[in-house]
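In the working numbering, the protein residues as written are 6 to 754. Take a look at the structure set out below.
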Amino acid sequence: MPASFPQYVTEAITGPSPDPPGVKLRKEGLKAKHPVVFVPGIVTGGLELWEGHQCADGLFRKRLWGGAFGEVYRRPLCWVEHMSLDNETGLDPPGIRIRPACGLVAADYFAPGYFVWAVLIANLARIGYEEKTMYMASYDWRLSFQNTEVRDQTLSRIKSNIELMVATNGGNKAVIIPHSMGALYFLHFMKWVEAPAPMGGGGGPDWCAKHIKAVMNIGGPFLGVPKAVSGLFSAEAKDIAVARAIAPGVLDKDLFGFQTLQHIMRMSRTWDSTMSMIPKGGATIWGDLDWSPEEGYIPIKRKQKNTDTQKASQDGPERKISEIKRANYGRIISFGKDVAEALSSDIERIDFRDAVKGQSIANTSCRDVWTEYHDMGFGGIKAVAEYKVYTAGSILDLLHFVAPKMMDRGSAHFSYGIADDLDDPKYQHYKYWSNPLETKLPNAPEMEVFSLYGVGIPTERSYVYKLSPSAECAIPFQIDSSADEQFEDSCLKGGVYTVDGDETVPVLSSGFMCAKGWRGKTRFNPSGSRMYIREYDHYPPTNLLEGRGTQSGAHVDIMGNFALIEDIMRVAAGATGEELGGDQVHSDIFKWSEKIHLQLSCIRFWTFVAISTLDHSYNNTRPHPRLRGSIFMLWMMSIFMGWVFNSIGPFILMSCSFHSLSDLWSMFPRCCCPMPVDSIHSLHLYNSSIGVLKNENDVFKGSNGKETQIDLLDVKELRSSDRLGRRELGILKTTNAGFFSGGNGDLLA
């Protein structure tokens, strides 16, 4: 019999409901084996008041975050004051102490009736789990990751609890289950626990191998999320833009004495953890003005709901192709729809970085809620808009310009680049530990790493912005909700370009590391820990009585997805990733990952010596052109010898200066470049030491006066829109598609 009247009605409409995973697996005889550790993400863990100002009287040990949120409505300004951290230190303001709730109740429900971990906990309990074999690693998600240890010793507590659980469960290693930002937090933990004190936990290089069976990341934003950029830039995202479209002006007005978005911005910009989710990897990962891994993406359409709770059909999604405009996803922020769609060569930009910040935008006619935009003034705001378009390569400069105090704090705790050499001692600093592109996974070859996430939901990727109509009172920038495409399956809706994902994290961020960056023995995964991707195609509930559904792929609702819960329970009961069936993929993550040309092998010292020696020799001797081919062959032999003696595989010529790169170009045999030159216009190299290069009688002169010669023999035409995103492209070759291909495979359109 159905357990409730809503379930009875639902089953009358859709047929009998499947058994919950806990019931199903208990019938199969599965029992609790490995202790499990839950690592919550941002905002889902409860926070309690331990000390406050007079306005918070009567709230001792009451939840200010999570639960009923009653104080938000009763005393909103007091609530904002207490939820904010110190804008200088990123720690507690004077006289205020808010601390994370403890135990499984810390994040089982976000609010009454809105589950986060509760469904998973209940199903695990059905096969024998209880509080001694389950641990909620709650932490103050507002703080930078290292500061959770500095203030609360949270990382030490997680280490001690895992050690205790393993020791009291027969030595069975723990299964770690991070959700959302918790995946970055636990990545930081794995480096912290290995590192020597006082910066680290002193567990040694084999701690993870001894204590962790598997890390099952749910919706992990490993490479960041564009949504973090819009949140920090203008305190909004797609949902806020939709609200503005429905009720214009409401969110920007001083209603009830409470300027909503300004207060949200002031508060959230004190939360250093938000900066952990700024996109990482720059143009290499996220694309630039003319390129992105997801280019050509078409939103998927489904014929009907899938009722198989174990595994979504590989043939399920059906793509509908229309005559739609190509989306330039690499342009994360564009001021105007015309800029978002224009050819990069047609966009005239004025650099904002050295702009003088002008008169304050504070106005006596407005209630003064301070944000860092008040320090920018009209001059700074105008300069931001006149730059017109921002990619992942310029987003950091933008945020440093509009929020310098926030980014100064963040820069001490987080990094967003790609490591050249992970053995460089600088990467032992904690600021790199949560960036998978600047840190190594632990030396734990038997540890399995899973990336579990939803797909099939439009997910924010880039934005069309405009200046606010009343910038002197409101936040000066906002998403242009009027920017739309007429086609039903367009990726642009309400000023937001979307791609495949779980509604919060794009597939690229959740899946790339397990699809390519960590797969096999790479420099980011030197011990070769096994990687698995398990995607869950999103199917919303068929009626309101189903609640949030059992097949949802949405970022939080996936925590109630029966297929995901079953996968987690099987691993906790002893299964391996292969026994689950290996990878389960519905998206284009492997296709997109192959478009990202990231060096995965290890570069060794002797290779650098060989290349650098020949580089120096060549630049100083400037040999006759007839000898260049011989030197080129010696250069290639030195690379090969470095490969053989260091076991490193293919790599990029990272030690080459642009001067030698240009000369190396001229050494190429004619067979590499079969078509003659028509002309060479301007070639843009994004490097501050050279500037923009322009052709002056076949000599390319940078804006700083540096010159470099490019031999025009047998080189295809380079147009004015051609760009080198980084210096380490290597040797340039023409391909059949009419592109220039760098030595590392990067393409120049």
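A virtual CB, placed ideally from N, CA and C, is assigned to each residue, including glycine. The structure displayed is predicted, hence computed values, not measured ones.
| field | Closest by C-alpha distance to G118, when choosing among M272, W212, A73, C107 | value | A73
| task | Report the three-state DSSP secondary structure of Y395 (helix, strand or coil). | result | strand
| query | Going by C-alpha distance, which of L64, K431, S456, E33 is nearest L192? | reply | Checked all of L64, K431, S456, E33; the closest Cα to L192 is S456.
| query | How many angstroms separate the CA atom of I400 from the CA atom of V234? | reply | 8 Å
| task | With D542 as the anchor, note down where its beta strand (DSSP E) starts and where it stops. | result | 535-542
| Going by Cα to Cα distance, which pick from I167, D24, G95, N128 is closest to Q151? | G95
| said: Please state the DSSP three-state secondary structure of D507. | reply: Collapsing the DSSP output to three states places D507 in a strand.
| query | Can you tell which of Y144, G176, K521 has the C-alpha that lies nearest to the C-alpha of E162? | reply | A small fix is needed here, since residue 162 is Arg in this sequence, not Glu. Closest by alpha carbon: Y144.
| field | Sequence ranges, alpha helix (DSSP H) only - wholly within the stretch 116-200, length at least 4 | value | DSSP runs (the alpha helix (DSSP H)) wholly in the stretch 116-200: 123-130, 150-157, 159-172, 187-199.
| task | Can you grab the Cα-Cα spacing for the pair A580 / P201, in whole Å? | result | 33 Å
| request: Report yes or no: do the stretch 385-399 and the stretch 285-297 share at least 3 C-beta pairs separated by less than 8 Å? | output: In this structure the stretch 385-399 lies against the stretch 285-297, because at least three pairs of beta carbons, one per stretch, are closer than 8 Å.
| request: Pick out whichever of M536, H58, D413 has its Cα sitting closest to the Cα of R80. | output: H58
| said: Is it buried or exposed, Y78, if we count other Cβ atoms within 10 angstroms and call 16 or more buried? | reply: exposed
| query | Where does L717 land, buried or exposed, given buried means 16+ other C-beta within 10 angstroms? | reply | Only weak support exists for where L717 lies, its pLDDT of 34 falling under 50; the value from the coordinates is given anyway. Using a 10 angstroms sphere on the CB of L717, the tally of other CB atoms stays under 16, which defines it as exposed.
| said: On the DSSP letters alone, give me the boundaries of the alpha helix (DSSP H) that M412 sits inside. | reply: For M412, the uninterrupted alpha helix (DSSP H) segment begins and ends at 409-416.
| request: With a threshold of 16 other CB atoms inside 10 Å of the CB of P210, please say whether the residue is buried or exposed. | output: Label assigned to P210: exposed.
| Thinking C-beta only, is Y537 closer than 8 Å to D588? | yes
| request: Can you tell me which of the three DSSP states I462 falls into? | output: Looking at I462 - three-state DSSP - the assignment turns out to be strand.
| task | Classify W55 as helix, strand or coil using the three-state DSSP reduction. | result | It is a strand residue.
| said: Just to confirm my understanding: we take A390, look at its own chain, exclude 5 residues before and 5 after, and list those with CB closer than 7 Å. What are they? | reply: F340, L472
| message | Short of 7 Å in beta carbon distance, which residues of its chain neighbour N625, apart from the five on each side in sequence? Order them along the chain. | response | Any reading at N625 is ruled out, since the residue's pLDDT is 49, under 50, leaving its predicted position unreliable.
| task | For Y458, I'd like the list of residues in its chain whose CB is within less than 6 Å of its CB, leaving aside the five on either flank, ordered along the chain. | result | G224, D507, S515
| Which one or two residues does DSSP pair with K471 in a beta bridge? | Q483
| Out of A577, G384, H418, N440, which has the shortest C-alpha to C-alpha gap to L795? | The question about residue 795 has no answer, for the chain in this structure spans 6 to 754.
| task | Could you check the C-alpha separation between L160 and E76 for me, to the nearest Å? | result | Cα to Cα, the separation comes out at about 30 Å.
| field | Terminal residues of the alpha helix (DSSP H) in which W597 lies | value | 594-599
| Opening and closing residue of the beta strand (DSSP E) in which M574 lies | Here M574 belongs to no beta strand (DSSP E); instead the alpha helix (DSSP H) covers 567-577.
| Boundaries of the alpha helix (DSSP H) in which A360 is found, first to last residue | Unbroken run through A360: none, as it is neither H nor E.
| request: Apply the 10 Å Cβ neighbour rule to N333 and answer buried if 16 or more other Cβ atoms are within range, or exposed otherwise. | output: buried
| task | Could you say which of G586, V561, E199 lies nearest to E571 if we only look at CA atoms? | result | G586
| Taking one C-beta from the stretch 181-188 and one from the stretch 46-58 each time, how about it: are there three or more such pairs within less than 8 Å? | yes
| field | Short Cβ contact (8 Å threshold) for N530 with L446 | value | When the beta-carbon positions are compared, N530 and L446 come within less than 8 Å of each other.
| task | Have a look at A578 and L35 and give me their C-alpha separation to the nearest angstrom. | result | Cα-Cα distance, rounded: 6 Å.
| said: For I296 and N128, what's the separation of their Cα atoms in angstroms? | reply: Per the sequence shown, residue 296 should be read as Trp rather than Ile. Approximately 44 Å, taken between the alpha carbons.
| task | Between the Cα of R147 and those of R466, E353, W276, D343, spot the shortest distance and give me the residue it belongs to. | result | With distances taken between Cα atoms, R147 lies closest to W276.
| request: Put Y302 into one of helix, strand or coil per three-state DSSP. | output: coil
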